[in-house]
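Under this note's numbering, the first residue of the sequence shown is numbered -16, with each subsequent residue one higher. Where is the CB? At the ideal position from N, CA and C, for every residue including glycine. None of these values were measured; they are calculated from a predicted model.
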Amino acid sequence: MNKKDYTNLIGKTFGSLTVVGINGNKAICECTCGNKKETLAKRFINGSYGKTSTCGECYNGIKYKEYIGKIYGSLKVIEINGNKAICECTCGNKKELPITGLEKGLYVTCNECYKGMPYSNFIGEKHGNLICIDYKKSKTVTLLQCKCLLCGTIKEIPFSTFHNGKISTCGECYNGIKYKDYIGKTFGSLTVIEVNGANAVCECTCGNKKEFHISSLENLKTCGKCYNGIKYKDYIGKTFGSLTVIEVNGGKAVCECTCGNKKELKISNLVFSKNCGKQHNTILNKKYIGKTFGSLTVIEVNGANAVCECTCGNIKEIPIIRLLSGSYVTCGKCYKGKSYLSFIGEKHGNLICKYVFTKNKRYIVQCECSFCGSINEMSFSEFNTGKRTLCTKCNNGIKYKDYIGKTYGFLTVIEVNRAKAVCECTCGNKIECLISTLNKRKTCGECYKGKSYSSFIGKTFGTLTIKNILSSTESNYKKSKYKMYKIAECECTNCGEKNFKPFYYFGNNRKTCCDFCYQNSTVIKNSYPDNILNNYIGKRYGHLTIIGIKKGGKGGVIARCVCDCGNECERRLTYLIETKRDNFCNDCFNGKSYKDYIGKVYGYLTIKEIITKKHKKQAVCKCKCGNKTTVQMNYLFNGNTVSCGCFGHKTTYLKNIKFGHLRIMKKSKNTEGGLYYICKCDCGNEIEVLESDLFTEKVTSCEECMN
-16 MNKKDYTNLI GKTFGSLTVV GINGNKAICE CTCGNKKETL AKRFINGSYG
34 KTSTCGECYN GIKYKEYIGK IYGSLKVIEI NGNKAICECT CGNKKELPIT
84 GLEKGLYVTC NECYKGMPYS NFIGEKHGNL ICIDYKKSKT VTLLQCKCLL
134 CGTIKEIPFS TFHNGKISTC GECYNGIKYK DYIGKTFGSL TVIEVNGANA
184 VCECTCGNKK EFHISSLENL KTCGKCYNGI KYKDYIGKTF GSLTVIEVNG
234 GKAVCECTCG NKKELKISNL VFSKNCGKQH NTILNKKYIG KTFGSLTVIE
284 VNGANAVCEC TCGNIKEIPI IRLLSGSYVT CGKCYKGKSY LSFIGEKHGN
334 LICKYVFTKN KRYIVQCECS FCGSINEMSF SEFNTGKRTL CTKCNNGIKY
384 KDYIGKTYGF LTVIEVNRAK AVCECTCGNK IECLISTLNK RKTCGECYKG
434 KSYSSFIGKT FGTLTIKNIL SSTESNYKKS KYKMYKIAEC ECTNCGEKNF
484 KPFYYFGNNR KTCCDFCYQN STVIKNSYPD NILNNYIGKR YGHLTIIGIK
534 KGGKGGVIAR CVCDCGNECE RRLTYLIETK RDNFCNDCFN GKSYKDYIGK
584 VYGYLTIKEI ITKKHKKQAV CKCKCGNKTT VQMNYLFNGN TVSCGCFGHK
634 TTYLKNIKFG HLRIMKKSKN TEGGLYYICK CDCGNEIEVL ESDLFTEKVT
684 SCEECMN
């Protein structure tokens, strides 16, 4: 390239400058701030354009004048002087600083204050034992003159170090005493002979010299290599009672007793020691010889240990303190004095012990299942305490694999995983359960008798139409006894209100009604005009026939009725319409007057009189044994009471008792739906009768005699 040909530079960018034209040997450049500048073109060629990267009137494309008013920390730009800014600090000082330094964050204060607070405000501030009394500026940092409150020493400390609490003492005293004043003081066997900063050089009475921190002198007594001024090595050969020092190891002495034992003791404890303790303990512990601890009997004493013989024959040496605390009751190779091998052949449930061995310091029992012959391993405690009595590979002799294909209710076993079975329900769901619980299961829990709960949605039962099936938690059903059941969300076809009912109400084909209709039925009836209420006159409900209508207290509708027995009574109209029970008056049962029951026989009881007690009809009866007793009428009717108590409710006691034309012969084996008796009719036929039908006289003869 010709040195005078700079046209190739046009369009190129150097820093904030872009070359837009050439004028001889000069380049016409445009800055990002908009200014134009003319400079030598050769600077851009030889790479010396560093000083010519801007127009000189901006920084990063922002003109210097635009910096006026900007804030940097405690500084605010109030004027521009070339490439420098005159800033005013929050403390009031003014300072001229480079704009580049402000942008890079090198300046945030005027250096005459701390975050806008003059350094003079810190005079009197206290940190630890130091208090600030003055400050002065250096070229780089601000120094505070601080005075020690203990010794009065004045020290210069950098402001940041003092203000942040990194220094709290003058470093020339301890507890108000200057380090030099410690020279000559004595601490135990140590005397301070020299001070080196915060350390003291001490001389011990044994002659050793050692350097310690002055703050630790109060807790020291020796140099660590002597005791009472005598060096540890000088104790070798000395005798204390029956002990002779033969070796020194730091602050401990290895001693040999006259009995031959060796023992290591602290040198400070030698003065108080007389023997090794083994011989002394043997004499004291001889009293335990012959004593028994669990299955262990002490036969010999060796110092603090006892040689024990177990009832299984093993001999073991055990610390006496462990025997006294109950930590040892056997030798560890037997169970309560009975050898583990003696358990071979024992049977617990379906398992027979075949072998006992140790594994990881535990005794393991190897058992054989008496049904399938499988080998099971378990801990000895599980076998002996009876926690494990069943084989893990079968269920009462049936191997788990043999359960595949079997059906339990609506569940079919399709896979076996150890003791668990994967079952498929007729609704399509799959569940996993223990094989031992299969006999108690019928469904997967997500269906009703093999039908998915979702298949019931839209069906109507009574006045309720099922809209959704929920769990008890989803429906917030409050009755705790139904918390494990599925809840049906229903809509009443009459009033449109939502109802929540246990799903099994619908599965069992119960008659269902809306809770809101039932609760508000009285209100609905009370709102009827008289001409509509009179339409109920003449209607029959159970054994009662309505003969009149009147409005009772609080707006209730009362029906005046005549019973089949001839008595008249009053009932709420709502009760007659809504109740599911048989309706009759208070002086009869099922339309038959209580007086007509006098003379009737129920079991061993004959009714003699009818009385009213606590608003309940009771019968005064005479038993066959001659006793008199009072029984509630409903107990006689349902067969709960058949005697005064002299006879139990057993078949042998009821034998030969006659009810109508039927005489009880014996108890039937049929128990479906209740208790049955085999009775003989006067015509000679034998029939099977339900107990409640017999005692309430619903059945008094065989079908042929009835016809």
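Exercise for the section: Determine the burial state of Arg371: buried for a count of at least 16 other Cβ atoms within 10 Å of its Cβ, exposed for fewer. Expected result: The residue given as residue 371 occupies position 388 in the sequence shown. Buried.
Handout entry: Cβ-Cβ separation, Cys406 to Thr394 (assumed contact under 8 Å), whole Å
Key = Residue 394 sits at position 411 when you count from the first residue of the sequence shown. Residue 406 sits at position 423 when you count from the first residue of the sequence shown. The sequence given here has Leu at residue 394, not Thr. A Cβ-Cβ separation of about 4 Å places Leu394 in contact with Cys406 under the 8 Å criterion.
Exercise for the section: Tell me whether Thr420 sits in a helix, a strand or coil according to DSSP, three-state version. Expected result: As a position in the sequence shown, residue 420 is number 437, starting the count at 1. DSSP places Thr420 within a helical segment (H, G or I) once states are collapsed to three.
Problem - Helix, strand or coil at Leu(-8) [DSSP, three-state] - result: Within the sequence shown, residue -8 is the residue found at index 9, counting from 1. Leu(-8) sits in a helix when the DSSP states are folded into three classes.
Exercise for the section: Could you tell me if Ser626 is buried or exposed, where buried requires 16 or more neighbouring beta carbons within 10 angstroms of its beta carbon? Expected result: Translated into positions along the sequence shown, residue 626 becomes position 643. Ser626 comes out buried.
Practice task
Look at the Cβ atom of Val178, then the Cβ atom of Tyr162, and state whether they are nearer than 8 Å.
Solution key: For the purposes of this step, residue 178 is identified with residue 195 of the sequence shown, where counting begins at 1. For the purposes of this step, residue 162 is identified with residue 179 of the sequence shown, where counting begins at 1. Going by C-beta atoms, Val178 is nearer than 8 Å to Tyr162.
Exercise for the section: Assess, as a yes-or-no matter, whether the stretch -1 to 18 is touched by the stretch 34 to 45 under the definition of 3 or more beta carbon pairs within less than 8 Å. Expected result: The stretch 34 to 45 and the stretch -1 to 18 touch, with no fewer than 3 CB-CB distances between them shorter than 8 Å.
Practice task
Within its chain, find whatever has a CB closer than 8 Å to the CB of Lys208; leave out the 5 residues flanking it on each side and keep chain order.
Solution key: As a first step, residue 208 is located in the sequence shown; it is residue number 225 there, counting from the start. Excluding sequence neighbours, Lys208 sits near Cys187, Cys189, Asn191, Lys214 and Tyr215.
Handout entry: DSSP beta-bridge partners of Ile529
Key = The residue given as residue 529 occupies position 546 in the sequence shown. Bridge partners of Ile529: Cys544.
Problem - Cα-Cα separation between Gly628 and Lys578, rounded to whole angstroms - result: Residue numbering aside, residue 628 sits at position 645 when the sequence shown is read from its first letter. Residue numbering aside, residue 578 sits at position 595 when the sequence shown is read from its first letter. Annotation: Gly628 to Lys578 spans about 25 Å, alpha carbon to alpha carbon.
Practice task
On the DSSP bridge assignment, give the partners of Ile661 in chain order.
Solution key: Taking the sequence shown and counting its residues from 1, one reaches residue 661 at position 678. The partner list for Ile661 (beta bridge, DSSP) reads Lys649 and Glu671.
Problem - Extent of the continuous alpha helix (DSSP H) run through Cys688 - result: As a working mapping, residue 688 is identified with position 705 in the sequence shown. Counting along the chain, the alpha helix (DSSP H) containing Cys688 begins and ends at Glu686 to Met689.
Exercise for the section: Put Arg554 into one of helix, strand or coil per three-state DSSP. Expected result: Here residue 554 refers to the residue found at position 571 of the sequence shown. For Arg554, the secondary structure class from DSSP, reduced to helix, strand or coil, is strand.
Practice task
Give me the Cβ distance between Cys473 and Thr448, rounded to the nearest whole Å; I'm assuming they're in contact under 8 Å.
Solution key: Counting from one through the sequence shown, the residue named residue 473 turns up at place 490. Counting from one through the sequence shown, the residue named residue 448 turns up at place 465. Contact between Cys473 and Thr448 holds: their C-beta atoms lie close to 6 Å from each other, under 8 Å.
Problem - beta strand (DSSP E) runs contained entirely in the stretch 315 to 377, provided each spans 3 or more residues - result: Runs of the beta strand (DSSP E) inside the stretch 315 to 377: 334 to 342, 345 to 352 and 358 to 362.
Exercise for the section: State whether the stretch 216 to 226 contacts the stretch 234 to 246, with contact taken as three or more CB pairs (one from each stretch) at a distance under 8 Å. Expected result: Between the stretch 216 to 226 and the stretch 234 to 246, the count of Cβ pairs shorter than 8 Å is three or higher; the stretches touch.
Practice task
Please list, in chain order, all residues of the same chain as Val545 whose beta carbon is under 6 Å from its beta carbon, the five residues on each side excluded.
Solution key: As a working mapping, residue 545 is identified with position 562 in the sequence shown. Within the same chain, Val545 has close Cβ partners Thr528, Ile530 and Glu551.
Problem - Where Leu559 falls: helix, strand or coil (DSSP) - result: Position 576 of the sequence shown, counted from the start, is the residue given in the question as residue 559. Here Leu559 sits in helix by DSSP.
Practice task
Return the chain-ordered list of same chain residues with a C-beta closer than 7 Å to the C-beta of Lys389, the five sequence neighbours on each side being excluded.
Solution key: If you number the sequence shown from 1, residue 389 lands on position 406. The residues are Val396.
Handout entry: DSSP three-state assignment for His146, whether helix, strand or coil
Key = The residue given as residue 146 occupies position 163 in the sequence shown. Helix.
Practice task
Can you give me the Cβ contacts of Gln349 inside the same chain, cut-off strictly under 8 Å, excluding the 5 residues immediately before and after it?
Solution key: Position 366 of the sequence shown, counted from the start, is the residue given in the question as residue 349. Here Gln349 has Cys336, Lys337, Tyr338, Val339, Phe340, Ile358, Asn359 and Glu360 as same chain residues with Cβ atoms under 8 Å from its own Cβ, once five neighbours each way along the sequence are excluded.
Handout entry: Glu300, DSSP secondary structure in three states
Key = Numbered from 1 along the sequence shown, position 317 holds the residue referred to as residue 300. Of the three classes helix, strand and coil, the one that applies to Glu300 here is strand, per DSSP.
Handout entry: Chain-order list of residues whose beta-carbon lies under 7 Å from that of Lys641 (same chain, five-residue window excluded)
Key = Here residue 641 is taken as the residue at index 658 of the sequence shown, counted from 1. Listed in chain order, the non-local C-beta contacts of Lys641 below 7 Å within the same chain number zero, local neighbours out to five positions each way being set aside.
Problem - Sheet register partners of His598 (DSSP bridge) - result: Taking the first residue of the sequence shown as 1, we reach residue 598 at position 615. Answer is none; His598 lacks a bridge partner.
Exercise for the section: On a CA-only basis, which of Ala602, Thr22 and Leu619 is nearest Asn6? Give me that one, please. Expected result: Residue numbering aside, residue 6 sits at position 23 when the sequence shown is read from its first letter. Nearest C-alpha to Asn6: Thr22.
Exercise for the section: Kindly indicate which residue of Arg401, Tyr50 and Gly159 has the alpha-carbon position closest to the one of Cys134. Expected result: Translated into the one-based positions of the sequence shown, residue 134 becomes position 151. Residue nearest to Cys134 within the set Arg401, Tyr50 and Gly159 is Gly159 (criterion: CA-CA distance).
Problem - Residues sharing a beta bridge with Cys238, DSSP - result: For the purposes of this step, residue 238 is taken as the residue at position 255 of the sequence shown. According to DSSP, Cys238 bridges with Val228 and Lys246.
Handout entry: Pair within 8 Å by beta-carbon distance, Thr589 and Lys605
Key = Indexing the sequence shown from 1 puts residue 589 at position 606. Indexing the sequence shown from 1 puts residue 605 at position 622. Cβ atoms of Thr589 and Lys605: closer than 8 Å.
Practice task
Return helix, strand or coil for Asp217, following the three-state DSSP convention.
Solution key: Counted from its first residue, the sequence shown places residue 217 at position 234. DSSP places Asp217 within a helical segment (H, G or I) once states are collapsed to three.
Handout entry: Separation of Gly75 from Tyr(-11), as counted between CA atoms
Key = Against the sequence shown, residue -11 aligns to sequence position 6. Against the sequence shown, residue 75 aligns to sequence position 92. Cα atoms of Tyr(-11) and Gly75: separation of roughly 53 Å, rounded to the nearest angstrom.
Exercise for the section: Using alpha carbons as the reference points, say which of Ser362, Cys377 and Glu139 lies closest to Phe354. Expected result: One-based indexing of the sequence shown puts residue 354 at position 371. Distances from the CA of Phe354 to each of Ser362, Cys377 and Glu139 were compared; the closest alpha carbon is that of Cys377.
Problem - Cβ distance (whole Å) where Ile706 is taken to contact Tyr55 below 8 Å - result: A question about residue 706 goes unanswered here, because the residues of the chain that appear run from -16 up to 690.
Exercise for the section: Leaving out five residues on either side along the sequence, give the residues of the same chain with a beta carbon under 7 Å from the beta carbon of Gly180. Expected result: Counted from its first residue, the sequence shown places residue 180 at position 197. Around Gly180: no qualifying Cβ.
Handout entry: Residue span of the beta strand (DSSP E) that contains Tyr118, given as start and end
Key = One-based indexing of the sequence shown puts residue 118 at position 135. Where Tyr118 is concerned, the enclosing beta strand (DSSP E) stretches over Leu113 to Lys120.
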